[in-house]
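Going down the list, the sequences are from chains A and B.
Using numbering that gives the first Met the number 0, read the first sequence as starting at 0 and increasing by one per residue.
Using numbering that gives the first Met the number 0, read the second sequence as starting at 0 and increasing by one per residue.
Worksheet for the structure shown next.
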Amino acid sequence: MKGKSIFKNIIFWIITAIILIIVLGPLLWIYLTAFKSADDIMTGQFIKQVVFAPTLDNFRRLFTAFPFFSSLLNTLITSIGSTILVMIVSLPAAYSFARWNTGGGHLLFTTISTRMFPGVVAALPFFILFQKIGLLDKHIGLILLFMYFNVSFATFLLYGFFRDVPVELEQAALIDGYGRFDIFRRIVLPLVLPGITTTAVFCLIWSWNEFLFAFLFTRNVARPLTVLISSFWGSIEVQYGPMAAGAAIGVLPTLIAAWFMQRYIIRGLTFGAVKG
Amino acid sequence: MEKGRGNKKEEIDDMVGVKNNDATLSVYSLGRKPSAWETLSSEKYFKWVLLIPLILVLLIFMLYPLIYCIYNSFREGGLQGTIFVALKNYQVMLRDKSFWVPFRRTIEVTAICIICELLIGMGIAMLWNRDFKGQNLIRGLVLLPLLVAPLILSLVWNFLLEYNIGFINQLLNVMHIGRVKWWDSRIALYTICGITIWQWFPFSTSVLLAGLKSLPRDVFEAARVDGSSSWFTFRKLTLPMLSPLIVIITLLRTMWLIRLFDPLYGTTRGAVNTELLDWMVYRTAFVYFDVGYASTLAIMCLFITIILGALIFRQLIRALNAANK
């Protein structure tokens, strides 16, 4: 009996180890490749794929030969800018939906359906509009687009968080003579601060990762990181080294966020329906 | 009339949970006309004032593309200008193989990915549904790929699966299995499915594991005492109890999968029989700049997603209500 349970245990850990290797291997590979010399990347010798002399050449090339820092800055500006805009729009709206069910659910449905709205559907009309009013390849254009596709997600996620605030608390404040706006600002907002942080981090990550709009609406000036990294995969030559180095840096914030938000990832990805 | 109003007001008060409306009273007892700010933050208007920014965003960012696409779907031409052609675009679309093939492919990819993710997710969730050393660490590590940009991951996989220098093929070669042409036109689509499944099975795993952990233990205890087999318990107890979660996973993943674009850009760029719905719209709109036809395709995509969206919305609200009970 005992021998059987030890055997079962060993099987359990072998399977768990395989799962972890499969999940983490490709992520680790980004970092291994980033520190390899060009020869080691292109080698056909299997052993050299894993054992190699680390070098910083890829990072040096990435920083000097490509506009890496300006791309990183573009990504930062657009992500942070759009997240702030999203919060200005979504916070009051979500509160209104959660407390008064404003619009009887129809408006909330309309909001969430913007998330289903195919990106490519919206892309063409906005491309032509932006071309006319000169927003192509501008930060503000990208910020507006990122806000557009994050607003529905943020509103719905916040809606779930606001619903957790007990209505009795607001009644008590009303009786104490607080106005509606003060209740919202001084009582409700501090209570949902963890929810706001979660939502904001998610919005930052979606904008950070966004590719379709970024790729279509930027050329040189406002080109963010994802588009720069994708450009290393040219049709003639593939710049594996700088690509891996760029990916290593570009992926890092999302990995850190995933690690520290463990508790909220599932709640966020399911729009609040599953509280992980 | 007057009575109806009163009812309405009471209704609102009930919703807010206020029997005696102090806030409005205090404003009017000032003995002067309320200021604009006081009116806007009064019980009656405040909820709508809060929605102004959202409604503006919806009007601009939803209505504009919608009207643009509907208008142009009845027209023909490119960026220089379009002319009215009535239903011609729709007629062309219904017979257009370059639309229906990606359409079928998208459904195929969606189905394959969701089924595999659910099976793998369920298997691992069952495996990890017990207390073991480092369980929190391992569960956290598995979540890591979820938030990474799909585009970057697809580039990395493209590199890993490269025929000569890719690590996977070298590994297979060393193991004497032989290299695989992952981007061959027969299997490239499934390779893309594999990449997507790899990134997203942790999602199913974590949701289902959370579900398993919350199941009542005594029921399973009773089933065990009654001597029912583990397969029977799984089929008759676990699966029905997890079915709301499975529905949510399926709907949410469908929503993301029919939008699959980034992994295509990072790997095949729509070549070798991998063109999906969104890629096809992208190509029509931004490579050919065929405004009329692209708008028609866009309307079609929208039509499909709205039906799906209504389904998802109902499930999400139901789940939220259940979670709050």
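Every residue, glycine too, gets a C-beta built ideally from N, C-alpha and C.
Check: Anyone know if the C-beta pair for Thr195/B and Leu145/B falls short of 8 Å?
Finding: Note that the C-beta distance between Thr195/B and Leu145/B is not below 8 Å.
Note to self: Within 8 Å of any Cβ in chain B, is that where the Cβ of Met86/A sits?
What the structure shows: It does not: the Cβ of Met86/A has no partner Cβ on chain B nearer than 8 Å.
Margin query: Which of the three DSSP states is assigned to Phe96/A in this structure?
Written below: Phe96/A: helix per DSSP, three-state reduction.
Note to self: Are the CB atoms of Leu53/B and Ala221/A within a distance shorter than 8 Å?
What the structure shows: Note that the C-beta distance between Ala221/A and Leu53/B is not below 8 Å.
Check: Near Leu276/B, which residues of its chain fall below 7 Å by C-beta distance, leaving aside the five closest residues on each side in sequence?
Finding: Excluding positions up to five away in sequence, the list reads Pro101, Phe102, Thr105, Ile257 and Cys300.
Checklist line | Ile137/B - containing alpha helix (DSSP H), residue span | finding: Run containing Ile137/B: Gln134 to Val141, per the alpha helix (DSSP H) assignment.
Margin query: For a cutoff of 8 Å on Cβ pairs, would you count Arg104/B as touching chain A?
Written below: No, Arg104/B does not count as interfacial toward chain A.
Margin query: Assuming contact is defined by CB atoms lying nearer than 8 Å, are Thr113/A and Val150/A in contact in what I supplied?
Written below: Cβ atoms of Thr113/A and Val150/A: closer than 8 Å.
Item checked: Near the ligand ZN: Leu159/B beta-carbon under 7 Å from a heavy atom -> The model depicted lacks the ligand ZN and carries no ligand whatsoever.
Check: Could you give the distance in angstroms between the alpha-carbon of Gly133/A and the alpha-carbon of Pro124/A?
Finding: Counting only the Cα atoms, Pro124/A lies some 14 Å from Gly133/A.
Note to self: At the 8 Å Cβ level, is Thr15/A part of the contact set with chain B, yes or no?
What the structure shows: It does; some Cβ of chain B falls within 8 Å.
Next item on the list: Whole angstroms is fine: what's the gap from Arg262/A's alpha carbon to Lys274/A's?
Entry: When rounded, the separation of the alpha-carbon atoms in Arg262/A and Lys274/A is 8 Å.
Notebook entry, point to check: Which two residues bound the contiguous beta strand (DSSP E) that contains Thr249/B?
Noted result: Element bounds for Thr249/B: not the beta strand (DSSP E) but the alpha helix (DSSP H), Leu238 to Leu256.
Item checked: Separation of Phe155/A from Thr119/A, as counted between CA atoms -> Inspection of the sequence shows that residue 119/A is occupied by Val rather than by Thr. The alpha-carbon atoms of Val119/A and Phe155/A are separated by roughly 22 Å.
Margin query: Could you check whether the Cβ of Ala35/B sits closer than 8 Å to any Cβ belonging to chain A?
Written below: Interface residue (Cβ-Cβ distance to chain A less than 8 Å): Ala35/B is not classified as such.
Next item on the list: Could you list which residues in chain B have their beta carbon closer than 8 Å to that of Val119/A, in chain order?
Entry: Residues of chain B passing the Cβ test: Phe260, Asp277, Val280, Tyr281, Ala284, Ala297 and Cys300.
Next item on the list: Would you decide whether Lys46/B is buried or exposed? Buried here means 16 or more other CB atoms lie within 10 Å of its CB.
Entry: Taking a 10 Å sphere around the C-beta of Lys46/B, we find 16 or more other C-beta atoms and assign the residue as buried.
Note to self: Do Phe73/B and Ala85/B have their beta-carbon atoms positioned less than 8 Å apart in this structure?
What the structure shows: Pairing Ala85/B with Phe73/B gives a Cβ-Cβ distance under 8 Å.
Next item on the list: Could you spell out the range, first to last residue, of the alpha helix (DSSP H) harbouring Arg162/A?
Entry: His138 to Arg162 is the extent of the alpha helix (DSSP H) around Arg162/A.
Margin query: Would Pro53/A and Phe34/A be called neighbours here (beta carbons separated by less than 8 Å)?
Written below: Yes, Cβ-Cβ distance for Pro53/A and Phe34/A is below 8 Å.
Check: How close, in whole Å, do the beta carbons of Leu159/B and Ile167/B come, if the pair is a contact with beta carbons under 8 Å?
Finding: Rounded, the Cβ-Cβ distance is 5 Å, consistent with contact.
Check: For Gln169/B and chain A, any beta-carbon pair shorter than 8 Å?
Finding: Put simply, the CB of Gln169/B is near chain A, with a gap under 8 Å to one of its CB atoms.
Margin query: According to DSSP, simplified to helix, strand and coil, what is Glu75/B?
Written below: Three-state DSSP puts Glu75/B in a strand.
Check: Are any of the Cβ atoms in chain C nearer than 8 Å to that of Ala293/B?
Finding: Absent here is chain C; the protein component of the structure consists of chains A and B.
Check: Which residues in the same chain as Trp278/B place their Cβ atom closer than 6 Å to its Cβ, once the five residues preceding and following it in sequence are excluded?
Finding: Leaving aside the five residues that flank Trp278/B on each side, the residues in its chain whose CB is nearer than 6 Å to its CB run, in chain order, Leu263 and Gly269.
Item checked: First through last residue of the alpha helix (DSSP H) which encompasses Thr63/A -> Asp56 to Ala64 is the span of the alpha helix (DSSP H), which, as asked, contains Thr63/A.
Next item on the list: Check whether the stretch 84–101 of chain A touches the stretch 238–253 of chain B, counting contact only when three or more Cβ pairs, one atom from each stretch, lie closer than 8 Å.
Entry: The stretch 84–101 of chain A and the stretch 238–253 of chain B do not touch, with fewer than 3 CB-CB distances between them shorter than 8 Å.
Notebook entry, point to check: Can you list, in chain order, the residues of the stretch 183–217 of chain B whose Cβ is nearer than 8 Å to any Cβ on chain A?
Noted result: Within the stretch 183–217 of chain B, Trp197, Pro201, Phe202, Ser205, Val206, Ala209 and Gly210 place their CB atoms closer than 8 Å to a CB of chain A, listed in sequence order.
Note to self: Under DSSP, the alpha helix (DSSP H) around Phe212/A begins and ends at which residues?
What the structure shows: For Phe212/A, the enclosing alpha helix (DSSP H) covers residues Leu211 to Phe216.
Item checked: Touch test, the stretch 32–49 of chain A against the stretch 165–180 of chain B, Cβ-Cβ under 8 Å, three pairs minimum -> The stretch 32–49 of chain A and the stretch 165–180 of chain B touch, with no fewer than 3 CB-CB distances between them shorter than 8 Å.
Checklist line | Supposed close pair Thr74/A, Pro223/A - CB separation, criterion 8 Å | finding: With 8 Å as the limit, Thr74/A and Pro223/A qualify as a contact, their Cβ atoms being about 4 Å apart.
Next item on the list: Taking Cys68/B as the query, report the chain A residues whose CB atoms sit under 8 Å from its CB, ordered along the chain.
Entry: Chain A residues near Cys68/B: Val120, Leu123 and Pro124.
Notebook entry, point to check: What are the start and end residues of the beta strand (DSSP E) that includes Ile82/B?
Noted result: Unbroken beta strand (DSSP E) run through Ile82/B: Gly80 to Phe83.
Checklist line | Three-state secondary structure (DSSP) of Trp278/B | finding: Note: Trp278/B maps to helix in three-state DSSP.
Next item on the list: Starting from the beta carbon of Val147/B, find every residue of chain A whose beta carbon is closer than 8 Å, and list them in chain order.
Entry: What Val147/B touches in chain A: Leu26, Asn208, Val250, Thr253, Leu254 and Ala257.
Notebook entry, point to check: Taking the DSSP output, what are the residues bridged to Trp232/A?
Noted result: Trp232/A is bridged to Val237/A.
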